[in-house]
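Just add 216 to wherever you are in the sequence shown, counting from 1, and you've got my numbering. Cβ coordinates follow ideal geometry from the N, Cα and C atoms, glycine included.
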Amino acid sequence: MAACRRVPLLLLMSILLHVHPIRGQNPVNNVIVNPVARVNIQAQNQGAAPAAVNGGPPVVAASPPRRRTSGWKLAEEGACREDLTRLCPKHFWNNNLAVLECLQDRKEETEIAADCNHLLWNYKLNLTTDPKFESVAVEVCKTTITDIKECAAEERGKGYLVSCLVDHRGNITEYQCNQYITKMTSIVFSDYRLICGFMDKCREDINSLHCGSISTGEKDVHSQGEVIACLEKGLVREAEEQPGAHAIGPDCKKAIMRVAELSSDDFHLDRYLYFSCREDRERFCENTPAGEGRVYKCLFNHKFEEAMSEKCREALTTRQKLITQDYKVSYSLAKACKTDLRKYRCSVDTNMPRAREARLSYLLLCLESAVHRGRTVSGECQGEMLDYRRMLMEDFSLSPEIVLHCRGEIEAHCSGLHRKGRTLHCLMRVGRGDMGAIDNLCQKALQILIQEADPGADYRIDRALNEACESVIQTACKHIRNGDPMILSCLMEHLYTEKMVEDCEHRLLELQYFIARDWKLDPILYKKCQGDASRLCHTHGWNETSEMMPPGAVFSCLYRHAYRTEEQGRRLSRDCKVEVQRILHQRALDVKLDPELQRRCMTDLGKWCSEKTESGQELECLQDHLEDLVSECRDVVGNLTELASEDIQIETLLMRACEPVIQSHCHEVADNQIDTGDLMECLVQNKHQKEMNDKCAVGVTHFQLVQIKDFRFSYKFKMACKEDVLKLCPNIKKKVDVVLCLSTTVRNDTLQDVKEQRVSVKCRKQLRVEELEMSEDVRLEPELYDSCKQDIGRLCQNVAFGNAQVIECLKENKRQLTQRCHHRVFKLQEVEMMDPELDFQLMRVCKQMIRRFCTEADAKNMLQCLKQNKNSELMDPKCKQMITKRQITQNTDYRLNPVLKKSCKADIPKFCQSILNKATGDSELEGQVVSCLKLKYADQRLSPDCEDQIRVILQESALDYRLDPQLQIHCTDEISRLCPEEAAAQEQTGQVEECLKVNLLKIKVEGCKKEVLNILKESKADIFVDPVLHTACALDIKHHCAAIPPGRGRQMSCLMEALQDKRVRLQPECKKRLQDRIDMWSYAAKVAPAEGFSDLAMQVMTSPSKTYILAMIGLSVCVLFLFGLLCGRITKRVMQEHKDR
217 MAACRRVPLL LLMSILLHVH PIRGQNPVNN VIVNPVARVN IQAQNQGAAP
267 AAVNGGPPVV AASPPRRRTS GWKLAEEGAC REDLTRLCPK HFWNNNLAVL
317 ECLQDRKEET EIAADCNHLL WNYKLNLTTD PKFESVAVEV CKTTITDIKE
367 CAAEERGKGY LVSCLVDHRG NITEYQCNQY ITKMTSIVFS DYRLICGFMD
417 KCREDINSLH CGSISTGEKD VHSQGEVIAC LEKGLVREAE EQPGAHAIGP
467 DCKKAIMRVA ELSSDDFHLD RYLYFSCRED RERFCENTPA GEGRVYKCLF
517 NHKFEEAMSE KCREALTTRQ KLITQDYKVS YSLAKACKTD LRKYRCSVDT
567 NMPRAREARL SYLLLCLESA VHRGRTVSGE CQGEMLDYRR MLMEDFSLSP
617 EIVLHCRGEI EAHCSGLHRK GRTLHCLMRV GRGDMGAIDN LCQKALQILI
667 QEADPGADYR IDRALNEACE SVIQTACKHI RNGDPMILSC LMEHLYTEKM
717 VEDCEHRLLE LQYFIARDWK LDPILYKKCQ GDASRLCHTH GWNETSEMMP
767 PGAVFSCLYR HAYRTEEQGR RLSRDCKVEV QRILHQRALD VKLDPELQRR
817 CMTDLGKWCS EKTESGQELE CLQDHLEDLV SECRDVVGNL TELASEDIQI
867 ETLLMRACEP VIQSHCHEVA DNQIDTGDLM ECLVQNKHQK EMNDKCAVGV
917 THFQLVQIKD FRFSYKFKMA CKEDVLKLCP NIKKKVDVVL CLSTTVRNDT
967 LQDVKEQRVS VKCRKQLRVE ELEMSEDVRL EPELYDSCKQ DIGRLCQNVA
1017 FGNAQVIECL KENKRQLTQR CHHRVFKLQE VEMMDPELDF QLMRVCKQMI
1067 RRFCTEADAK NMLQCLKQNK NSELMDPKCK QMITKRQITQ NTDYRLNPVL
1117 KKSCKADIPK FCQSILNKAT GDSELEGQVV SCLKLKYADQ RLSPDCEDQI
1167 RVILQESALD YRLDPQLQIH CTDEISRLCP EEAAAQEQTG QVEECLKVNL
1217 LKIKVEGCKK EVLNILKESK ADIFVDPVLH TACALDIKHH CAAIPPGRGR
1267 QMSCLMEALQ DKRVRLQPEC KKRLQDRIDM WSYAAKVAPA EGFSDLAMQV
1317 MTSPSKTYIL AMIGLSVCVL FLFGLLCGRI TKRVMQEHKD R
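This is the structure in structure tokens:
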């Protein structure tokens, strides 16, 4: 064992305590020897030490006479008499130790005589080097020595005993011994040269660092505590790798840390700090008793107070830095956690050097790991840990790694900030990427510091956050116990709400950025999921890290397992899944809270989303550009979107915006712990309720737009149809294409009447939901939207998306559309007419009327049902108007009228093939085929089914001219000129057609005149086609033609015969209208004579006077026949006469 292994000088300081009364004991002054005599002895026995003593003023001038009695007192020496009188109260004078403490603890600006300085130095040196005084320690600490086995075994007579007692000072319970050891240490720590071995171990470092002089003459011997402070600062500079830092030798380094450790219980023992903070102690810690590190802790707590002197703050920081290098420098922490450190084997890791093991960070991580694993750590130790974790968060400079690796960032972005944790938060903001790039080593150092401080367990550790969020916590989170980990979750729940303040928002996001990168830093998540993480994700212990596992990897693993079905394999426990959902809800607030997303999408965020700075916009932007993203970013965005489709509550901002509509219409599905896409489906279905606000509508629509990019993004559709997609639509990814593929398959199977549909029942059901949702917004039909984007901007720029309003606008302006858009709109209408349930506007406007009139109607016959009830008195005017629009659409092209198309499938190619031949595949027929069929109806040449459908069309168009596309095309100008009032009428009852008939002679446009003549021709075939005439003659039909079935002009012929029969009296109005019709038909016959024999025959057959005409034709034929017979007889006789001749 080395001669000065510990601090043997303290041994002899025990004598000093014995020199003074202890609990009433008599002083043992007779053991005190002449200081000069002891110096002479020391000069003979020590090598280098004499130089240290003899280097001062002459011994004679400063020393008392050699013959000193056992009652020698410092106060009696002439060298110190004047200083003693000036500085020390008289009741100190009889106690050498009190005199010594008084003189060496004087105020900094107070000087004492050099001779007195030297006398005190010799006195202390003699005390701390005479082995005789060990016997006093044996006497005072007899019981303690017996209890402490290590000290009982020490060899006596070499000064080791007291060193051992100092080492075990925390275990001394005997009052006299404890007071003795504690009191004596102040003598040694006043001068580094009095610490045995210190000078030898640190001589070179002292000279290299220019910390002081080895000789007493060059420096005030009582200020030699500054030398130790200088060495401590050098040690800190070395740890921080500051430029020009001197590498302190390992022996000196140990000696420095040992001195700091031994001075940890009483701040008087740290002479530099004592003198630097003496006034601050009186200001802030006046009532704090010395001992057990209490004054240190008090000063640490006031370190950033404005009234704290800069010199004291600097000294406190230096001491805190030493504590971070060796936790034993904190007396209270080492004492409080001693048992727990031993219990959890935090000091026996053989894989790392002692220097690492002693670091505060290692202690904190080890004990925090025990706490997080549910182990018991004493409350006293946890309290100490809390204090030092808060200390680390308050002052970034206490972390050498931060100082070393973040120097550039601090200078560039965070210089001049008052610490109080603000500099650290500034670095966090840089780490988030809000203030430029950050060095990887700095980022790593910040992450390590956050783990060491573990502010996620108690927000109060983060002083900057605590101060910024105090008001929010008091209002929004007052129901949570102070210091509870759920406070942070509560703050996140109120992020971007009215209760949140801007400063708190920034501090919270800065901290959460780093917590999100290590799942262990969320204590609740770690507690609930550590078993699942170990089982499913192969994680390590709380204080262990894996370089192979990137930030956020464990949580990514957890959430992938959170939404697995039982068939897909192992799942998370219920408690863990709840916590995973909580974290996902929080991460949805800010893309930077998802490490995997930010890491993989950094390039794409800069490329596509640099202008999207508001909350939630960045993820929406990435989803909008999904096809443009690099593969690894597209994968992670796709996974998150797929996850959100199953549980839309992850989208926290959307849920906040949609809270009113959820409460009113979706509260039942919202309360379900497992969402499975029901909530989003409910929001879509109630998208146009009065409770729906703009933010919610925009959010829901955006999610719908994202869903069309990939069928996997619609959870219910994916689960219902995944097998059908794999079988029927392989290699198709876009949802809209998958829907089209499956719906086409369903339609073909239906048309072909196959026995078994290829698409499963559950998929067909969900397919219907998807088709209905897509019909609501043109943007949900990508091909239609892309084809018509230019037309929308030109024709529908003021029309809002949603409610199918843009689609309706395109339909109304169909004639002005570009060819590509027109084709797409026509195809859409064709689908809607085949399946009216997909016509969003029709179903929305006529929702109540459908319930009233068509509850039993099949979905595909819904429009047909509405048309049949269109003229009911109970029909809603808006619905009636919408039905009329759809009728107009159907009459423009037979392909848009499925019933007509089916009924006339044989008649159309038979009679109208020329029209079909002229038309191109993409063109619309503008009602030409329907007009063709109308004419053939008048000629009575159609099949019965087709005739029935054309009759309905004729009846409807006779009441409303808008239902006749050809009339609309050719007569628009003439209607405006001749029939403006009739056309402006809200209710169309055939007035416009009647006006055109009456003004037939005034019509100038040949095409329009031809259409009016066609109407006249059609009206001859059936009185129902002429609503004005039918209304005028309704009573007469009932009285005179009731037995005659309608159609084929039969009732019209009946009325004409009645008109000619003088015995029948018709109603004046009917008679007048009939006479007008006869005049019109006469004019029509002149203007448009028959074009051939067949046409002439049809005119005769459809003429109201056909009986007369046929009778005359028959009579003519008979006359001709008789004439022929007569001519034949004469001719035969003449021929016979010629023969006879």
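Delimiting residues of the alpha helix (DSSP H) encompassing residue i
i	result
Gly-747	739–753
Lys-1101	1093–1108
Val-1022	1021–1028
Val-994	Premise fails: Val-994 is in no alpha helix (DSSP H) and is neither H nor E.
Leu-724	718–731
Leu-1251	1250–1256
Arg-575	Taken as a continuous stretch (DSSP letters only), Arg-575 belongs to no alpha helix (DSSP H), as it is neither H nor E.
His-629	Unbroken run through His-629: none, as it is neither H nor E.
Tyr-1299	1284–1303
Ser-1235	1222–1237
Gln-1057	1056–1061
His-883	883–886
Val-475	466–478
For residue i, the three-state DSSP class (helix, strand or coil)
i	result
Asp-1189	helix
Glu-1089	coil
Gly-699	coil
Asp-926	coil
Phe-933	helix
Asn-1014	coil
Pro-305	coil
Ser-1147	helix
Thr-1071	coil
Gly-595	helix
Pro-505	coil
Pro-1261	coil
Ala-1199	helix
Arg-1178	helix
Tyr-391	helix
Glu-827	coil
Arg-1031	helix
Asn-310	coil
Ile-864	helix
Met-1050	helix
Cys-1343	helix
Residues bridged to residue i [DSSP beta-bridge criterion]
i	result
Gly-652	Asp-650
Residues near residue i by beta carbon distance below 6 Å, same chain, minus five either side
i	result
Thr-360	Ile-388, Glu-390 and Cys-393
Ser-1147	Gln-1182
Pro-1243	Ala-1174, Leu-1175 and Gly-1206
Leu-1116	Tyr-1110 and Gln-1165
Ala-1199	Ile-1191 and Val-1208
Val-796	Leu-774, Tyr-775 and Ala-778
Residues near residue i by beta carbon distance below 8 Å, same chain, minus five either side
i	result
Lys-1150	Ile-1166, Ile-1169, Leu-1170, Asn-1230 and Glu-1234
Cutoff 7 Å; reference residue i; Cβ partners in own chain excluding five residues on either side
i	result
Leu-549	Tyr-543, Glu-600 and Tyr-604
Leu-1179	Gln-1103, Ile-1104, Asn-1107, Glu-1172 and Ser-1173
Leu-1070	According to the sequence provided, residue 1070 is Cys. The question's Leu does not apply to it. Met-1078, Cys-1081 and Leu-1082, listed in sequence order.
Met-871	Gln-865
Val-1241	Leu-1170, Gln-1171, Ala-1174, Glu-1234 and Ser-1235
Lys-519	Arg-529 and Leu-532
Review point. If you scan the region 510–560 from start to end, which runs of the alpha helix (DSSP H) of 4 or more residues do you find wholly inside it?
Key: 510–517, 526–541 and 547–559
Exercise for review: Tell me the start and end of each unbroken alpha helix (DSSP H) in the region 965–1010 that is at least 4 residues and wholly inside, in chain order.
Suggested key: 977–990
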